[in-house]
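So the sequence lines, in the order shown, correspond to chains P and C.
With the numbering used here, letter number 127 in the first sequence gets 127, and the count goes up by one each step, no holes.
With the numbering used here, letter number 55 in the second sequence gets 1055, and the count goes up by one each step, no holes.
C-beta atoms are modelled at their ideal positions from N, C-alpha and C, and glycine is treated no differently.
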Amino acid sequence: MSSVAETPEQKHLLSKTTIGFWLYLMTDCLLFATLFATFAVLRGATAGGPDGAEIYEMPVVLAETIILLTSSFTCGMALLGMMAKNTKQVLWSLVATFLLGLAFVVIEVAEFAKLIAEGHGPQASAFLSAFFTLVGTHGLHVSVGLLWLIIIGVLIWKRGLTSKLTRSLTLFALFWHFLDLIWIFVFTVVYLMGVVV
Amino acid sequence: MTIDWLQMLFGRLSLDALPSDIVTIGGAAMGVFGLLFIVGLITVTKRWRWLWRTWLTSLDPKKIGVMYIIVSGVMLLRGLADVVMLRAQQALFATGMDSPIGSDLFQQVFSAHGTIMIFFVAMGVIFGLINLIVPLQIGARDVAFPLLNSISFWLFFAGMALMNVSLIIGEFSAAGWLAYPPLSTLEYSPGTGVDYWIWALQIAGIGSLLSGVNFLVTIFTMRRKGMTLMKMPIFVWSVVGSMALVVFAFPILTATLGMLTLDRTLDTNFFTSDMGGNPMMYVNLIWAWGHPEVYILILPAFGAFSEIVPVFSRKRLFGYTSMVWAIMAITVLSFTVWLHHFFTMGAGANVNAFFGIMTMIIAVPTGVKVFNWLFTMFRGRISFKTPMLWFMGFIVTFTIGGVTGVLMAVPGIDFQVHNSLFLVAHFHNMIIGGVLFGAFAALAYWWPKFTGFRLHEGLGVAAFWSWLVGFVLAFAPLYILGLMGAVRRLDSYDASLGWQGLFVVAGVGVTFILLGVFFQVLQLAYSIWKRKELACDHDPWNGRTLEWATSTPVAEYNFATMEAVNDRDEYWETKYSRKRRNHPKYSDVLVPKNSGFGVYVSSAVVVMGFAIVWHMWLIAAIALIVTIVLAICVGLRENVERVITAKQVAESEKKLWKGAGA
Chain P
1 MSSVAETPEQ KHLLSKTTIG FWLYLMTDCL LFATLFATFA VLRGATAGGP DGAEIYEMPV
61 VLAETIILLT SSFTCGMALL GMMAKNTKQV LWSLVATFLL GLAFVVIEVA EFAKLIAEGH
121 GPQASAFLSA FFTLVGTHGL HVSVGLLWLI IIGVLIWKRG LTSKLTRSLT LFALFWHFLD
181 LIWIFVFTVV YLMGVVV
Chain C
1001 MTIDWLQMLF GRLSLDALPS DIVTIGGAAM GVFGLLFIVG LITVTKRWRW LWRTWLTSLD
1061 PKKIGVMYII VSGVMLLRGL ADVVMLRAQQ ALFATGMDSP IGSDLFQQVF SAHGTIMIFF
1121 VAMGVIFGLI NLIVPLQIGA RDVAFPLLNS ISFWLFFAGM ALMNVSLIIG EFSAAGWLAY
1181 PPLSTLEYSP GTGVDYWIWA LQIAGIGSLL SGVNFLVTIF TMRRKGMTLM KMPIFVWSVV
1241 GSMALVVFAF PILTATLGML TLDRTLDTNF FTSDMGGNPM MYVNLIWAWG HPEVYILILP
1301 AFGAFSEIVP VFSRKRLFGY TSMVWAIMAI TVLSFTVWLH HFFTMGAGAN VNAFFGIMTM
1361 IIAVPTGVKV FNWLFTMFRG RISFKTPMLW FMGFIVTFTI GGVTGVLMAV PGIDFQVHNS
1421 LFLVAHFHNM IIGGVLFGAF AALAYWWPKF TGFRLHEGLG VAAFWSWLVG FVLAFAPLYI
1481 LGLMGAVRRL DSYDASLGWQ GLFVVAGVGV TFILLGVFFQ VLQLAYSIWK RKELACDHDP
1541 WNGRTLEWAT STPVAEYNFA TMEAVNDRDE YWETKYSRKR RNHPKYSDVL VPKNSGFGVY
1601 VSSAVVVMGF AIVWHMWLIA AIALIVTIVL AICVGLRENV ERVITAKQVA ESEKKLWKGA
1661 GA
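This is how it looks when you write it as C-alpha cells:
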C-alpha cells in the first residue's frame, strides 16, 4: 500500500487509521462472539416449537453463502484495480459487489419474512430469538456495508482514486471480508451444525 | 388514523410521567433549577460563543479531559445525594417508622447510586485523566483521532443526560445497577426505568468503546521517537491494559444490552423466565463485561499511584518490569474470574473451584504492585503531600478490600456472604479506596500542571482525613452487619435484630464523607480565589516524566520541539544531566480545527434514546436517520487541520515560559 501514500504524514495517517480499523473489527468480532455464545446456549431452548433442522432451507442458505463469497471475490477485484490505478475496474467490481450484497440481504429478508409468516418469529422461542438476532445482526452489518459502498462508489466515480478514497476503499474491503468470515461461522455453527445435530 | 399518528409521536408519554412523590420532585426541581441557573449565568455574562468555541467544539484532549472531569464531579454529588437517602432510610426509618422514601423509591435510589457512580463518575474521571495525561506522557501533540475523541466524550455526556432526564420525566430503573432479569424484563418492570437505564448505558458504552480504540492507537503509533514500549511511563502502561480491556469487554455489554432491549421492545425471549429464555445467560454475559470493567477502572488508578509514589519518594519506581508484567497479567486474568459474582448459581463444584482459584491468582499480580510501591518508598525521601496521603489511605483500605476479596473467592465462604452487606463493604473498599482515592491523588498531583497553581494543601489534608475516617466508619459496620446476615438493598428490618446501632454508625460515616466533599469543594474555590499566592512553575513536584517538561499552562500543541527520548524518567534525566539544550528550533505544527460534530451527534442520539424509551417511533426513526447522516458527514470531512506556524510557536513559547517565571 505504500505506493498510495504520498507523504510521510499521509503514510502515518494510513497506518493509524488502518490499525484503528483493525481494532474496531476486533470489537465487532467480540460482539458476534457474544451473540454466538448466546445462540449456542439457547439453540436447544425451542419451547416446544421447531428446532433448526425443521425450519432451515439449506439450498437457499447455500445460495446465500455462494453469493456472499463471490461478492468477496469481486471486492478483491476492486482492490486489485485500485492498486493498478484502474478506476474503471474498481467501479465495475464495486457495482458487482453491491448487487451481490443486495441479493444476499434480499434473500435473507425473504427468508425471515417467510419464517415470521409461518409463526416462527423471534418471539416464538429463545432459540428463534437467538437465531434471528445473530443472523440479523450479520445482515444489518451487510446493509451498513452496502450504504458505505454506495458512498465510496459514487465518490470514486466523481473524483477518481484520491488518496483519501483509496484509504476508505481499503478499509471497506477489510470490513467486507470480515463479514464474509463471520458468515462462514454463521453457516457452520447455525446452519450446518443445526441440520446435522 | 389521527390517533395512530399521535401514538407514533408521543408513544406512552403523558403528563403522568412527571414525578409525584416529594423526594423525586425535590431532586427534579434541584436538577432543573441548577440547569436554569447555569444557562442564565452563561446568558447574562454573554459567554455562549466563548463556551462553544473554546470548550464544546474543542478537539484538544486537554479540554475534553477537563470536561469529562467536570461531568464526573457533578455526578459524584448526585451519587452522594442518593447514598444519603439510602443510609438515612436504613439508620432512621428501617424499623418501621414512617419514611419519606418508600420501598419503590428506595429501589430506584440504590439502582441510580450504583449506575451513576460506576458509569458516570468513575468512568468519567478515568477517561478525563487519560485524555489529560496520556498524550503528554508519550510526548505526543494529540490523540490518534481527535474528532472521534470528542464524539466519545459527547456520547458519554449524552448517556449522562438521558440518565438524568429520567429523574424528571418517567422513573429510574428499580432493578439494581446491573438490571438482572427476570426482574428487568417487561413482565416485572413494565415502566420506562429499565429502558432509560439500557439506553443511557448503551450510548455511554459506545463512547467508551470508541475511546478505547482511540487511545490504544494513540499509544501504539504516536509515542515520541526513542520511547520504546519498556520506556513508557507506567501510567501509560496501565492505560494500555485498561483500554485493551475496554476494547475486549465493552462489545459484550453492547450485545447484552441489545438483547435485553429486544426482550423489552420486540418481546423476544433471551432472558425471560418462559419460552426457553435463560436469565442466567444474562448474568454470565453482564459479568463477562462487568468484571473486566472493575479493572478498567482500577488499572489507571494503579498507574497514577505508580507515578506519584516515585515522585514523592524521590526515587525511581521499584520493579518497573514486574509492574508492567503485573498490569498485563491482570489484564488477561480479569477475563477468567467473572463467575465468582454468582457462585450460588449452581454451576457445580468443579466450575466454582476453577473460578475461585483464578480469583485468588489474580490477587498475586496486585500484591506484586503493592510491594513495588512499598519498596519504592523504602529509604526514599518521602514528602507527605496530599497525593501521597491519598496513596497511604489507598494502600491500607485497598489491602483490606483485597483480603476480603480473596476471602470471598472461596466458594464455600461466598455461599454465606453472597449478596450481603459484607460484599457491599468489599467492593466499596476497592472502588472508593482504589479508584476514587486514586482519582483524588491524581487530580491533586496533576492539577498544577494544567492550571499553574497548586491546590491548597491544608484543605486537601482536611478533606483526606474526613474521607478516610468517614470511609472506615461507613464501611467497617457493613462487614459486621454482613456477617450478621444483613443482605444488601435492604429498606427495612426487624428492630429486634439489633442492627440499627451499626447502621447509625455507617450513617455517621457518610456525614464524615460529606464533610470531606465539602472540604474538597472549599479547596477548589479557595485555591482558585488565591491562585496568585499558590502559583507555581511548570514542574512543582520535581517530576520525572515528560508531562512536566513542557510549559504550564500547556500550549495547545503540547510540545514545541520533539527531541528523542532516551530514558524511562526522561525529564528527570535531562533535568539533572549536565548537557544543556541547544537553542530550540521550531517548525510548523498541525492541530485539529474545532468541530461541532460531537455536540450534534450527541443531541441526535439523546433524542433517539428518549424516543425509544417512550416508544415514540416516528421521532426515533427521524433521529436515527439524522445520526446516520451525521456519521456520513463525519466520514466526508476535509480540511480538518490548521497550521500553527513556527513563528507563532516561538512567540507562544516565549510568553508561556516567561509567565511561569522560568
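- C:S1152 places its beta carbon 8 Å or farther from that of C:L1260.
- With the rule of 3 Cβ pairs closer than 8 Å, the stretch 1032 to 1039 of chain C does not count as touching the stretch 1096 to 1109 of chain C.
- As a beta-bridge residue in DSSP terms, C:I1644 pairs with C:V1589.
- At a cut-off of 8 Å, the C-beta of C:V1640 has no neighbouring C-beta in chain P.
- Residue pairing by DSSP places C:S1420 opposite C:V1487 in a beta bridge.
- Apart from sequence neighbours up to five positions away, the residues of its chain that approach C:I1169 with a beta-carbon distance below 6 Å are A1017, ordered along the chain.
- Collapsing the DSSP output to three states places C:A1094 in coil.
- Under the 8 Å criterion on CB atoms, P:P122 is classed as interfacial with respect to chain C.
- Between the stretch 1320 to 1330 of chain C and the stretch 1547 to 1561 of chain C there are fewer than three inter-stretch CB-CB distances shorter than 8 Å, so the stretches are not counted as touching.
- If you look at C:N1149, you'll find it in the alpha helix (DSSP H) that goes P1146 to I1168.
- With at least 16 other beta carbons inside 10 angstroms of its own, C:S1166 counts as buried.
- The three-state secondary structure of C:F1172, taken from DSSP, is coil.
- Nearest C-alpha to C:V1469 among C:D1060, C:G1635, C:G1507 and C:E1651: C:G1507.
- For P:D180, the enclosing alpha helix (DSSP H) has its first and last residue at S163 to F185.
- Below the 7 Å Cβ cutoff, chain P contributes Q123 as neighbours of C:D1267, in chain order.
- Here DSSP, grouped into helix, strand and coil, assigns C:F1215 to helix.
- Listed along the chain, the chain P residues whose CB falls inside 8 Å of the CB of C:L1285 are T34, A37 and T38.
- Just so you know, the alpha carbons of P:G48 and C:E1293 end up roughly 38 Å apart.
- Contacts between P:F127 and chain C, judged by CB atoms closer than 8 Å, involve G1276 in chain order.
- Nearest C-alpha to P:A63 among P:V106, P:I150 and P:I55: P:V106.
- The bridge partners DSSP lists for C:F1106 come to none.
- C-alpha of C:V1083 to C-alpha of C:G1193: approximately 19 Å in a straight line.
- Against P:Y24, the close residues of chain C are V1213, in the order they occur along the chain (beta-carbon pairs closer than 8 Å).
- Its chain contains S1313, R1314 and K1315 as the residues whose beta carbon lies nearer than 7 Å to that of C:G1380, once the 5 sequence neighbours on both sides are disregarded; these appear in chain order.
- Taking a C-beta cut-off of 9 Å against chain P, the contacting residues of the stretch 1193 to 1225 of chain C are L1209, L1210, G1212, V1213, N1214, L1216, V1217, T1218, F1220, T1221 and M1222, listed in chain order.
- By the Cβ test, the stretch 1385 to 1397 of chain C is in contact with the stretch 1452 to 1472 of chain C, since at least three Cβ pairs between them sit closer than 8 Å.
- The stretch 1445 to 1457 of chain C makes contact with the stretch 1531 to 1541 of chain C, as at least three CB pairs between them are under 8 Å.
- Residue-level contact check: P:V135 does not touch chain C, since none of the beta carbons of chain C fall below 8 Å from its beta carbon.
- Out of C:I1219, C:S1072 and C:G1596, the CA that lies nearest to the CA of C:A1161 is found in C:S1072.
- Per DSSP, reduced to three states, the secondary structure at C:F1559 is coil, with no helix or strand assignment.
- Within its own chain, the residues whose Cβ lies closer than 7 Å to the Cβ of C:Q1523, once the five positions on either side in sequence are excluded, are L1455, H1456, L1459, G1460 and A1463, listed in chain order.
- Here C:A1549 carries a coil assignment [DSSP, helix/strand/coil].
- At a beta-carbon threshold of 7 Å, the residues of chain P lying near C:I1632 are I151, ordered along the chain.
- Under the Cβ distance rule, P:T27 counts among the residues neighbouring chain C, one pair being separated by less than 8 Å.
- Residue contact with chain C for P:T70: absent (no Cβ-Cβ distance below 8 Å to any residue of chain C).
- One Cα belongs to C:A1304, the other to C:V1521, and the distance between them is close to 22 Å.
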